[in-house]
Amino acid sequence: MKGLRKVLTPFAPDQSGASGVLYSMGALIVIIDAGGCTGNVCGFDEPRWHESRSAVFSAGLRDMDAILGRDELLASKIGSAVERIDTSFVAVIGTPVPATIGTDYKALKKLIEGKVDIPVVPVVSNGMKLYNEGEKEAYKALIDEFATDTPEVETGQLVIGMTPLTYGKDYIDLTLDDIKNIRGAKKLVAASASGIDACEYLGKEFEIFSPVFKNSIPEGIKGKTLVCHDEVVGKTLRDAGVNCDIATFFKLHDSVKQDGDKKITQEDEFIEMVRDGGYDTIAADICLKELVPDYEGNWVDLKCFAISGRT
Numbered sequence: 000m001k002g003l004r005k006v007l008t009p010f011a012p013d014q015s016g017a018s019g020v021l022y023s024m025g026a027l028i029v030i031i032d033a034g035g036c037t038g039n040v041c042g043f044d045e046p047r048w049h050e051s052r053s054a055v056f057s058a059g060l061r062d063m064d065a066i067l068g069r070d071e072l073l074a075s076k077i078g079s080a081v082e083r084i085d086t087s088f089v090a091v092i093g094t095p096v097p098a099t100i101g102t103d104y105k106a107l108k109k110l111i112e113g114k115v116d117i118p119v120v121p122v123v124s125n126g127m128k129l130y131n132e133g134e135k136e137a138y139k140a141l142i143d144e145f146a147t148d149t150p151e152v153e154t155g156q157l158v159i160g161m162t163p164l165t166y167g168k169d170y171i172d173l174t175l176d177d178i179k180n181i182r183g184a185k186k187l188v189a190a191s192a193s194g195i196d197a198c199e200y201l202g203k204e205f206e207i208f209s210p211v212f213k214n215s216i217p218e219g220i221k222g223k224t225l226v227c228h229d230e231v232v233g234k235t236l237r238d239a240g241v242n243c244d245i246a247t248f249f250k251l252h253d254s255v256k257q258d259g260d261k262k263i264t265q266e267d268e269f270i271e272m273v274r275d276g277g278y279d280t281i282a283a284d285i286c287l288k289e290l291v292p293d294y295e296g297n298w299v300d301l302k303c304f305a306i307s308g309r310t
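Now the structure itself:
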């Protein structure tokens, strides 16, 4: 059965990825739900939540609000919140609720803009995809709203996709000023699958590597290795000389993929790769070890918050 999980917990969904990109940008973030999705984002999928604060709100939709599509009520709530909170823009993030009722995000944007004097950025997510897809949609929405063709400042290198859900809470992604001046960057680096998508959307030349692993091969990696993480982590280790195949539960771009690499969707595919691959080392989040308890090779723990929730 596609996507069947018997051991692993669900991975971070797209709405969490979108929120993670926006979290430190000074936005008023509104998740369009009844409260449950917001609780999941803040309580489980945002590693910075207990150490730093961001203005993340639930739309607080009731049954009839969703059924009748009371967007005017939501816009009024957001208008009232903006009056009380110092914020640079409003971001609205989709969940299964607006996906089910067919919310028109362009119309919702215009409706909210009629209540506030700051930009409104809708992120089209539905809670059914994985976090990297939500990050991608957030980058695209931010670029559409803020990236100018004639940036005020020429920047050097900008790294896109260095998000906490991929790399942990100690790594900082783009700021709003970075987004505004992104078209003037002399060099773009895609540090994750969503970073590749964002760079491709910009239409500028870019490099693909993880600054975390570019000059630092994790201790313990030896021999033929299976790297199960974001595709860019695997590519960076390969480029550094590691003899490895890449397995990823997330996106695998043609620009990264080589023979032996695989986009996996279920536990059995990972188990088969380990069983049949003859790997000396597996570099992956330690939680995946439960899938292959009989594996006797070397295991190097590469934490991925989106997979395990480990900080």
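All letters in the sequence shown, in the order written, are residues 0 to 310 by our numbering. Just so you know, even glycine gets a beta-carbon here, dropped at the ideal spot from N, CA and C.
Exercise. With distances taken between CB atoms, is the gap from Pro-163 to Pro-46 smaller than 8 Å?
Worked result: Here residue 163 is taken as the residue at index 164 of the sequence shown, counted from 1. Here residue 46 is taken as the residue at index 47 of the sequence shown, counted from 1. Yes, Cβ-Cβ distance for Pro-163 and Pro-46 is below 8 Å.
For this session: Under 8 Å by Cβ, that's how I've got Asp-44 and Lys-135 pegged, so tell me the actual separation to the nearest angstrom.
Result: Indexing the sequence shown from 1 puts residue 44 at position 45. Indexing the sequence shown from 1 puts residue 135 at position 136. Wrong, their Cβ atoms sit about 16 Å apart, outside the cutoff.
For this session: Spatial neighbours of Val-20 within its chain, please: CB distance less than 7 Å, with the 5 preceding and 5 following residues excluded, ordered by chain position.
Result: Here residue 20 refers to the residue found at position 21 when the sequence shown is read from its first residue. Glu-134, Ala-137, Tyr-138, Thr-162 and Asp-172.
Exercise. The beta strand (DSSP E) with Pro-121 in it runs from where to where?
Worked result: To locate residue 121, count along the sequence shown from 1; it is residue 122. Its beta strand (DSSP E) spans residues 119–122.
Exercise. Given that a residue counts as buried once 16 or more other Cβ atoms are within 10 Å of its Cβ, and exposed if not, what is Pro-292?
Worked result: As a first step, residue 292 must be located in the sequence shown, where it is residue number 293. Counting Cβ neighbours within 10 Å, Pro-292 comes out exposed, since fewer than 16 surround it.
Problem set entry | Three-state secondary structure (DSSP) of Phe-374 | For residue 374 there is no data in the structure shown, the boundaries of the chain being 0 and 310.
Problem set entry | Range of the contiguous alpha helix (DSSP H) that encloses Ile-159 | Position 160 of the sequence shown holds residue 159. Taken as a continuous stretch (DSSP letters only), Ile-159 belongs to no alpha helix (DSSP H), being part of the beta strand (DSSP E) at 156–159.
Problem set entry | Per-residue DSSP class, three states only, for Glu-132 | The sequence position of residue 132 within the sequence shown is 133, counting from 1. It is helical.
Problem set entry | Alpha-carbon to alpha-carbon, Phe-248 and Gly-113 | Here residue 113 refers to the residue found at position 114 when the sequence shown is read from its first residue. Here residue 248 refers to the residue found at position 249 when the sequence shown is read from its first residue. Spanning the alpha carbons of Gly-113 and Phe-248 requires a straight line of approximately 41 Å.
Exercise. Which term fits His-49, buried or exposed, when burial requires 16 or more other beta carbons within 10 angstroms of its beta carbon?
Worked result: By one-based count along the sequence shown, residue 49 stands at place 50. The residue is exposed, with fewer than 16 neighbouring Cβ atoms inside 10 Å.
For this session: Would you grab the beta carbon distance between Leu-201 and Arg-182 for me? Rounded to a whole angstrom, and I think it's under 8 Å.
Result: If you number the sequence shown from 1, residue 201 lands on position 202. If you number the sequence shown from 1, residue 182 lands on position 183. Distance from Leu-201 to Arg-182 at the Cβ level is roughly 7 Å; contact confirmed, criterion being Cβ atoms closer than 8 Å.
Problem set entry | N- and C-terminal bounds of the beta strand (DSSP E) containing Lys-186 | Here residue 186 refers to the residue found at position 187 when the sequence shown is read from its first residue. Start and end: 186–189.
For this session: Using a threshold of 8 Å, state whether the C-beta atoms of Ala-26 and Val-115 are closer than that.
Result: Stepping through the sequence shown from its first residue, residue 26 is reached at position 27. Stepping through the sequence shown from its first residue, residue 115 is reached at position 116. Cβ distance not < 8 Å, so Ala-26 and Val-115 don't count as in contact.
Exercise. For Lys-108, which three-state DSSP category applies?
Worked result: Along the sequence shown, one-based indexing puts residue 108 at 109. When DSSP states are grouped into helix, strand and coil, Lys-108 belongs to the helix group.
Exercise. Do you know whose CA, among His-252, Asp-253, Leu-225 and Val-231, lies nearest Asn-242's CA?
Worked result: In the sequence shown, counting from the first residue as 1, residue 242 sits at position 243. The closest CA to that of Asn-242, considering only His-252, Asp-253, Leu-225 and Val-231, is found on Leu-225.
Problem set entry | First through last residue of the alpha helix (DSSP H) which encompasses Cys-36 | By one-based count along the sequence shown, residue 36 stands at place 37. 35–43 is the extent of the alpha helix (DSSP H) around Cys-36.
Exercise. Is it the case that the Cβ atoms of Ala-140 and Pro-121 are separated by a distance below 8 Å?
Worked result: As a position in the sequence shown, residue 140 is number 141, starting the count at 1. As a position in the sequence shown, residue 121 is number 122, starting the count at 1. Going by beta carbons, Ala-140 and Pro-121 fall inside the 8 Å limit.
For this session: Find the nearest neighbour of Thr-86 within the set Thr-264, Ile-28, Lys-186 and Ala-98, judged by alpha-carbon distance.
Result: On the sequence shown, residue 86 is found 87 positions in, with the first residue counted as 1. Minimum Cα distance to Thr-86 is reached at Ile-28.
Exercise. In its own chain, which residues sit with a C-beta less than 8 Å from the C-beta of Glu-71, not counting the 5 before and 5 after it?
Worked result: In the sequence shown, the residue the question calls residue 71 occupies position 72. If you ignore the 5 residues before and after Glu-71, its C-beta comes within less than 8 Å of the C-beta of Leu-110, all in its own chain and listed in chain order.
Problem set entry | Alpha-carbon to alpha-carbon, Thr-280 and Ser-193 | On the sequence shown, residue 193 is found 194 positions in, with the first residue counted as 1. On the sequence shown, residue 280 is found 281 positions in, with the first residue counted as 1. The C-alpha of Thr-280 is placed about 27 Å away from the C-alpha of Ser-193.
Problem set entry | Thr-235 - containing alpha helix (DSSP H), residue span | Locating residue 235 in the sequence shown gives position 236, where the first residue counts as 1. Here the alpha helix (DSSP H) through Thr-235 covers 230–238.
Exercise. Since Lys-185 and Thr-154 are thought to touch, with beta carbons under 8 Å apart, how far apart are those beta carbons, to the nearest angstrom?
Worked result: For this step, residue 185 is matched to residue 186 along the sequence shown. For this step, residue 154 is matched to residue 155 along the sequence shown. Confirmed, Cβ separation roughly 7 Å.
For this session: Assign Val-123 to one of two classes, buried (16 or more other C-beta atoms within 10 Å of its C-beta) or exposed (fewer than that).
Result: Residue numbering aside, residue 123 sits at position 124 when the sequence shown is read from its first letter. Per the 10 Å Cβ criterion, buried.
For this session: Mind reading off the beta-carbon distance from Ala-239 to Pro-210? Whole number of angstroms is fine, and I expect it under 8 Å.
Result: Locating residue 239 in the sequence shown gives position 240, where the first residue counts as 1. Locating residue 210 in the sequence shown gives position 211, where the first residue counts as 1. Beta-carbon to beta-carbon, Ala-239 and Pro-210 are separated by about 12 Å, too far to satisfy the 8 Å threshold.
For this session: Check the DSSP bridge columns for Leu-27 and list the partner residues they point to.
Result: Position 28 of the sequence shown, counted from the start, is the residue given in the question as residue 27. Note: Leu-27 sits in a beta bridge opposite Ala-54 and Val-89.
For this session: Starting from the C-beta of Phe-269, find all residues in its chain whose C-beta is less than 7 Å away, skip the five residues before and the five after it, and write them out in chain order.
Result: Locating residue 269 in the sequence shown gives position 270, counting from the first residue. If we look at Phe-269 and ignore the five residues flanking it on each side, its Cβ neighbours are Cys-227, Ala-246, Ile-263, Leu-287 and Leu-290.
Exercise. Just curious, the beta strand (DSSP E) that Ile-281 is in, first and last residue?
Worked result: Numbered from its first residue, the sequence shown carries residue 281 at position 282. In the DSSP assignment, Ile-281 falls within the unbroken beta strand (DSSP E) covering 280–283.
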